[in-house]
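Counted the way the working numbering counts, the sequence shown spans residues 12 to 392. Data block below; observations after.
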Amino acid sequence: MIAMTRSPMTDTGSLFRRAALEQRAQAPAHDAAAEVTALVPGALSGWLAPARLALRRPHAGRTRTPTRLQMEAAECGAVALWIVLASFGRRVPVDELRVACGVSRDGCNALNLVRAARAYGLEARGLRRETLEQLLAVPRPSILFWNFNHFVVFEGAGHDCVFINDPATGPRAVGLDEFDRAFTGVVLQMQPGPDFRSGGREPSLVRTLANRLWSAKWTALAGLIASLLLLVPGVLTPLFLQVFVDEVLAATSDALAALLAGMALALAARALLVWGQRRLLLALETGLALDSARDFMRHALSLPLRFFDQRSAGDLAYRVRLNERLAQALSADLVNGAVNLALFAVYTLLMLQYDPALTAISLGLALASLLLLRDVARRQE
């Protein structure tokens, strides 16, 4: 660690600046790479190469932090600060933190992160840590400078991995080799100070989505009813099969004509319900998309010029496309999810009537598959 002297995080040698420029020319930097020289004065060993850590696979535990994903590549620093503040009980809108951290199209620097953290009552300072053992001695959660172009939140270490909360992907475990390559040795220590105040409230996502859906509640209700009615032909299919095996094949009764008539009626009802369901869901999705686009444009026109100056045209176009994805999620995806849950409940009840033991085995296998998929998804992250 290089000790900090004079005014905090402002003095730096010309040699360090020259080395930073060389490193910047070799690696893409959009966030804090250009300004990290304000954090640690003096020339670093290895000409700003990522710190080669003496990794000894420590068992240090994990300090879990809330999850928040960045919407733009340039706001990783602000989101990392949000995660730290939220872990201490302070909820601040990310837009407010963007302003406090001075986020631009090129991101923000470590010095502004420290200043913003102090403005919210945290005792923040920049440190240099060469080994994982030294890093584990820093109070957690802390913010790490990652790959010279990104900020992540450090949560702790396990037997053969390091836990970080990445604003780009969420919480994940990285291997020791990856951590060794990506960690630059710069860490921002943050702890609540005497002026820190917890509190604040984040907007409720469920309430926001419910308000959007409420404007088209009758169309949504009709689509849900049509989707639920589609369960009836599906439930009748195994009954038709039972009648065919027990009555027709066994030649115990002349039920073939009645069976064929019932199957034709069920098929016609299914076709009619599918047609009605698709028309209702399409109308619901179109209405939600139009309402979302109207509200988005009204809100965009009321924003200050600084909002557009800090964002690229691609980011703004992406936000427009999000309205269509949101409308699809609130229409077809939501209704289909509700129908699948209802179908699961119906089939579970029917299976309980036939064989409770087999039902228990099926539910156990389904639960095991769900846990396995969840574990695989976490490992892929």
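Where is the CB? At the ideal position from N, CA and C, for every residue including glycine. The model shown is predicted, which means the values in this text are computed figures rather than measured ones.
When the Cα of residue i is compared with those of the options, which residue comes out closest?
i	options	result
ALA343	ALA237, ALA279, SER323	ALA237
VAL173	HIS161, PHE194, PHE162, ALA280	PHE194
PHE162	SER303, LEU187, GLY196, GLY287	GLY196
GLU296	THR230, ALA279, ALA91, LEU239	THR230
LEU216	LEU361, ARG79, LEU376, TYR365	ARG79
MET201	GLU166, ARG183, GLY186, LEU187	GLU166
ASP206	THR142, ARG151, GLU134, SER226	GLU134
GLY132	VAL90, ALA148, ARG102	ARG102
GLN339	LEU299, ARG75, PHE355	LEU299
ARG223	ASP366, PRO77, ILE372, LEU341	LEU341
ALA121	ILE94, THR142, LEU155	LEU155
ASP171	ASN158, ALA179, VAL185	VAL185
LEU199	LEU240, ARG151, THR76	ARG151
THR142	PRO367, ALA168, ALA127, TYR329	ALA168
VAL246	THR359, HIS310, ASP386	THR359
LEU354	LEU242, LEU250, ALA266	LEU242
GLY210	TRP93, GLN321, LEU187, THR248	TRP93
LEU337	ASP386, THR74, PHE190, ALA221	ALA221
TRP157	ARG192, ALA272, ALA233	ARG192
ASP386	ARG305, ARG218, ARG183	ARG183
GLU144	LEU187, THR370, LEU250	LEU187
LEU232	LEU381, ASP366, ALA349, ALA371	ALA349
ALA227	ARG208, LEU301, LEU278, GLU213	LEU301
LEU250	LEU378, LEU361, ALA294	LEU361
ALA277	THR248, ALA356, LEU383	THR248
VAL105	ARG208, VAL256, GLU189, ARG212	ARG212
Pop quiz: residue i and residue j are said to be a contact at Cβ under 8 Å. What is the actual Cβ separation, rounded to whole angstroms?
i	j	result
VAL254	LEU270	6 Å
PHE307	VAL346	With 8 Å as the limit, PHE307 and VAL346 do not qualify as a contact, their Cβ atoms being about 23 Å apart.
SER303	ASN334	4 Å
GLU107	ASP326	No, GLU107 and ASP326 are not in contact; Cβ-Cβ is about 19 Å, not under 8 Å.
GLY137	VAL125	6 Å
CYS119	GLY72	Not quite, the Cβ-Cβ distance comes to about 30 Å (not below 8 Å), so this is no contact.
PRO244	ALA275	In fact, because the Cβ distance is near 11 Å, the residues do not count as touching under 8 Å.
ALA130	ALA111	6 Å
VAL95	GLN81	Contact doesn't hold; Cβ gap of about 14 Å is too wide.
LEU8	LEU292	Any property of residue 8 remains undetermined from this structure, which presents the chain solely from 12 to 392.
SER323	ARG116	6 Å
PRO203	PHE318	Contact doesn't hold; Cβ gap of about 31 Å is too wide.
ARG140	LEU146	4 Å
ALA266	GLU258	4 Å
Could you pull the DSSP bridge partners for residue i from this structure?
i	result
TRP157	HIS161, PHE194
LEU138	VAL198
ARG73	GLY167
ILE372	Bridge partners of ILE372: none, in fact.
ALA184	PHE174
PRO4	Residue 4 is absent from the model: the chain starts at 12 and stops at 392.
VAL210	For clarity, residue 210 is Gly in the given sequence; the question names Val instead. Answer is ARG101, bridged to GLY210.
Does the beta carbon of residue i come closer than 8 Å to any beta carbon on chain B?
i	result
ARG75	Structure shown: chain B not included; a single protein chain is present.
Using 10 angstroms around the beta-carbon of residue i, count the other beta-carbons present and answer buried if the total reaches 16, otherwise exposed.
i	result
ASP177	buried
ASN160	buried
GLN364	exposed
SER153	buried
GLY375	exposed
VAL164	buried
ALA123	Per the sequence shown, residue 123 should be read as Asn rather than Ala. It counts as buried.
PRO315	exposed
GLY181	exposed
ILE175	buried
GLU86	buried
THR76	buried
TRP225	exposed
ALA128	buried
ALA97	buried
TRP286	exposed
ARG289	exposed
ARG109	buried
ALA272	exposed
### Runs of alpha helix (DSSP H) wholly within the region 252-319 (minimum 4 residues, chain order)
If we require 4 residues or more, the alpha helix (DSSP H) runs fully inside the region 252-319 come out as 267-312.
### Message
At 4 residues or longer, what runs of the alpha helix (DSSP H) sit wholly inside the region 85-138?
### Response
If we require 4 residues or more, the alpha helix (DSSP H) runs fully inside the region 85-138 come out as 87-98, 105-112, 121-130.
#### Entry: Any alpha helix (DSSP H) of 4 or more consecutive residues that is wholly inside the region 324-366
The qualifying runs are 324-339, 345-365.
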